[in-house]
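Report on the structure given below.
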Amino acid sequence: MVSTDEGEKVYTLKTVEHPYRVLIEQMQEGAALVSVDGIILYGNRSLAQLLNTPLERLMGESIHAFIDSTETAGFRRMVEANSSGSAGESTLQAQDGSRVPVHLSLKPLSMDGVHVFSLVATDLTERKQAEETLQRAHDELEERVEERTAELEHANTRLQSEIVERKRAEEELQSIARFPAENPNPTLRLENGRTIIYANSAARATFAEAFTGPGTDAPADIAEIAETALASGVRQEVEHRIGAETYLLAFVPLRDRHYVNVYGRDISQRKKVEDALRQSERSLATELDATRRLQQVSTQMIQANRVEALYEEILDTAMTILDADFASIQMLYAERGTTGELRLLGYRGFTEEAARFWEWVRPDSESTCGKALLTGQRVIVPDILDCEFMAGSADRETYLQTGIRAVQTTPLYSRAGALLGMLSTHWRRPHEPTANELRPIDLLARQAADFIDRKRAEEALRESEEKLQTLFQLLPVGISVLDENRKILDVNPALGDILDLPRDDLLRGAYENRRYIWTDGTEMPVAEFPSSRAITEQTAIRNVEMDIVKEDGNTIWTDVSTVPLPFSDWRMLLATSDITERKRTEEALVRRTEELIQKSAEVEAARDEAHMYIDIMTHDVRNANNVSGMYADLLAELADGDLKTYAEKLHASIERSNEILRNVATVRRIREEESGLVPVNLDAVIRNEIGRFPEALIDYLDPQIEVLADGLLPTVFINLIGNAVKFGGPDVKITVRAEVQGGEILVSVEDTGPGVPDEVKVKLFRRFERGMGRGSGEGLGLFIVRTLVERYGGEARVEDRVPGRPGEGAAFRFTLKLAT
């Protein structure tokens, strides 16, 4: 028995076993207890599903039967590791032969010299699939590298061919110069390195804007190079852009003749090939760097101990892949708001103000991550200034203050399709990433989502294990695990408190020296112990009450339940509740009940004796009153003057005595008769009671209503109408009303008498209270009225006939239930 906010409760095995079982069975990871020789003593349903083996067949099997042959040696090393336990990756083989990659955690447990292992197996199938996906992406990138390398080699070969061709062309320059008119490439001769004295047709077409005929100066940039070549006597070569084309110009000085021959060759196509090759090399280098970083992230995901370090690596990788200036990663907290909110986990380049502003982001935010949360899709804004949904928003202002002009946000989804968070990159300049640039980001997002998902699962597992251990330690019911000899292997603190024994004494078997007593006081044989019966009968034994006699002679009343366990060493779970206080309370209650029964018998006898006296007294007093009444009537007829007055008063007193007897009889009937309510014609009752007062002026309208009451209902009207006649004065007018109000009848008996003062109204219906200002009486009449009305399910009250004017008469009102 334990004290709770709802009072004292008795905990049984059901209250202990249910949360304990739920915690184990609800774990997503496979869990088991394994003996030192590898026998599975217990496994949860997740482990059975992982191994594709029925749970009932799993118990008693060797764990080695489920270890893949390639992992046998590694698993044995884990088993033989140090006493603090071991963990690592391994491969299990399910019943259908399929191989399941797992992360195993083994922890040795020692229970009084008996060694077992707790085993937790986390399914790594999805993570391995992610790694395979990443490896395939890496292989694809390697293939692309090889393809680009081949392209480079091919381009290099072409370039070498062009170089050979160029040398050959140079060797032909002299011969070309001899026949300039026939040369298809532009050829010029500049006197003193500046004045054009000859130009072939190709040169005239190429330099059409600058050439108007012999004697024209060459373009300034060409003339400058020609003058330099002439002065040095050294042949010069330069690439020169003319319009949309690129030419290789060779300046050959002839110093003795004071002129320079200029030979041009169109290399536009070659330049395009070289530019494309350089761009390809840059792209390839970027992709190779992205691949290396993705591999680093994958490696850190497997080995990471510090979460923040991995977040930083993810952010740096995202910035490198997209050549971004900023980056951020957020996690979704689905429990916040209606659709969840994003929390900032890490960032690069943000100011402190920006980090605080985007610490939490809701779906109605005008940022890209808010839009991505709302739509579940990637959001790209090439230029913040041109974005319509950001116009005039605080998010737009924060972007610009931080120096951000472009941003993209990629949602992070688990493999089950659940949104986990966001990965964003930002640029200081307007920018729109290409599809090729975003492919590595998608791989990085996949890795980040897997990591977040795994960390959430690991956190849930840790929390589950902590809850399980906390539950075992904090349960207010004593829990113990016993072997087949009823020796305790493990206990929780509550059992030590209940039995008043330290944990070590319990594990040593100190409880065996105590006596165990049945509820009838006889000694309980060992064979009848709940633990013995659970082993013998292989069934749960519940709620056995026993008295445990301690070494000092004091006793502990307990309620014990036990259930057999399917393990080779852990044979049963035993739950013990301390019911000492409850038993003491029960004993005290029994004693009190016996006393009450005895007193009740005495009261019953006294009541019967009192009824006998009341019956005798009522009978004799009524007879005496009848005789006295006849003599008073006779005396009133014969006497005159004061004697006659005294005789009339005597007759009135005798009548009041009879009224007292009637009221006593009515109260007695109310107390003794059960209330069997039946439909009663209210009109008939009222008319019959009005008929008892023929001289009174009574106004009444026939309602023709049936109410729920019994044979005592007329007593209510006798008292109310009688009081109005008796205390209202000689000219009193009485009105009786009955009105339907919902499912009730409101009955009013009003009079024009002296009324009831306000200070008297509140206590008028109490027993032996008399109405001040309304004459005298024994004070039972209105008490009987209230008692009967409440018996019928209604309420009685007194009010002023005219509200606020107590001197203008009283109104007694009560409610009755309509008969359906």
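First residue of the sequence shown: 128, per my numbering; consecutive thereafter.
Where a beta carbon is used, it is the ideal one built from N, C-alpha and C, also for glycine.
Being a predicted model, the structure only gives us computed values, none of them experimental.
Tell me, please, which residues DSSP counts as bridged to residue i.
{"i": "Thr552", "result": "Ala454 and Gln535"}
{"i": "Leu219", "result": "Ile194 and Val227"}
{"i": "Pro806", "result": "Leu835"}
{"i": "Lys677", "result": "Answer is none; Lys677 lacks a bridge partner."}
{"i": "Trp684", "result": "Asp674"}
{"i": "Leu459", "result": "Leu469"}
{"i": "Ile507", "result": "Gln535"}
{"i": "Asn388", "result": "Arg316 and Val379"}
{"i": "Thr862", "result": "Asp826 and Glu877"}
{"i": "Val361", "result": "Beta-bridge pairing links Val361 to no other residue."}
Report the rounded CA-to-CA distance for residue i versus residue j, giving the unit in angstroms.
{"i": "Pro629", "j": "Tyr643", "result": "19 Å"}
{"i": "Leu471", "j": "Arg556", "result": "23 Å"}
{"i": "Thr707", "j": "Trp684", "result": "4 Å"}
{"i": "Leu915", "j": "Ala702", "result": "55 Å"}
{"i": "Gly114", "j": "Ile813", "result": "Residue 114 cannot be examined here, being either before or after the span of the chain that is shown, 128 to 947."}
{"i": "Glu586", "j": "Gln155", "result": "12 Å"}
{"i": "Ala332", "j": "Leu381", "result": "25 Å"}
{"i": "Arg275", "j": "Glu183", "result": "58 Å"}
{"i": "Ala759", "j": "Lys853", "result": "20 Å"}
{"i": "Asp826", "j": "Val863", "result": "6 Å"}
{"i": "Arg928", "j": "Gly882", "result": "8 Å"}
{"i": "Gly476", "j": "Pro509", "result": "19 Å"}
{"i": "Asn640", "j": "Gly157", "result": "40 Å"}
{"i": "Leu873", "j": "Ala732", "result": "42 Å"}
{"i": "Arg613", "j": "Leu700", "result": "10 Å"}
{"i": "Glu672", "j": "Asp686", "result": "4 Å"}
{"i": "Pro933", "j": "Gly838", "result": "33 Å"}
{"i": "Leu716", "j": "Ser704", "result": "21 Å"}
{"i": "Asp885", "j": "Ala937", "result": "11 Å"}
{"i": "Ser780", "j": "Lys860", "result": "25 Å"}
{"i": "His281", "j": "Ala518", "result": "51 Å"}
{"i": "Ala654", "j": "Gly224", "result": "46 Å"}
{"i": "Val912", "j": "Phe892", "result": "8 Å"}
{"i": "Ala584", "j": "Ser520", "result": "37 Å"}
{"i": "Thr260", "j": "Thr199", "result": "27 Å"}
Check this for me: beta carbons of residue i and residue j, under 7 Å apart or not?
{"i": "Ala329", "j": "Pro311", "result": "yes"}
{"i": "Ala499", "j": "Thr536", "result": "yes"}
{"i": "Cys496", "j": "Ser551", "result": "yes"}
{"i": "Thr373", "j": "Ser395", "result": "yes"}
{"i": "Glu922", "j": "Thr942", "result": "yes"}
{"i": "Ile448", "j": "Ile568", "result": "yes"}
{"i": "Val227", "j": "Leu219", "result": "yes"}
{"i": "Leu376", "j": "His367", "result": "yes"}
{"i": "Gln363", "j": "Ile349", "result": "no"}
{"i": "Leu840", "j": "Val805", "result": "no"}
Around the Cβ of residue i, are there at least 16 other Cβ atoms within 10 angstroms (buried) or fewer (exposed)?
{"i": "Arg698", "result": "buried"}
{"i": "Thr249", "result": "buried"}
{"i": "Asn815", "result": "exposed"}
{"i": "Lys399", "result": "exposed"}
{"i": "Ala326", "result": "buried"}
{"i": "Lys68", "result": "For the chain, the structure presents residues 128 to 947; residue 68 sits outside this window and is missing."}
{"i": "Asn619", "result": "buried"}
{"i": "Met757", "result": "exposed"}
{"i": "Thr502", "result": "exposed"}
{"i": "Leu601", "result": "exposed"}
{"i": "Glu459", "result": "Residue identity check: residue 459 is Leu in the sequence provided, not Glu. Buried is the call here."}
{"i": "Val534", "result": "buried"}
{"i": "Leu824", "result": "exposed"}
{"i": "Ile441", "result": "buried"}
{"i": "Gln457", "result": "buried"}
{"i": "Phe306", "result": "Residue confidence for Phe306 is low, a pLDDT of 47 falling below 50, so the modelled location carries little weight; the figure read from the coordinates is stated next. Under this definition Phe306 is an exposed residue."}
{"i": "Gly544", "result": "exposed"}
{"i": "Val361", "result": "exposed"}
Practice item. Could you say if the stretch 587–604 and the stretch 456–469 meet the contact criterion of at least three C-beta pairs nearer than 8 Å? Key: no
Check your understanding: Is it true that the stretch 601–610 meets the stretch 167–186, where meeting means three or more beta-carbon pairs spaced less than 8 Å apart?
Key -> no
Check your understanding: Is there contact between the stretch 613–624 and the stretch 190–197, where contact requires at least three CB pairs shorter than 8 Å?
Key -> no
Point to revise | the stretch 518–527 contacting the stretch 479–496, beta-carbon criterion three pairs below 8 Å | key: yes
Practice item. Assess, as a yes-or-no matter, whether the stretch 646–666 is touched by the stretch 194–207 under the definition of 3 or more beta carbon pairs within less than 8 Å. Key: Result no; under three Cβ-Cβ pairs closer than 8 Å.
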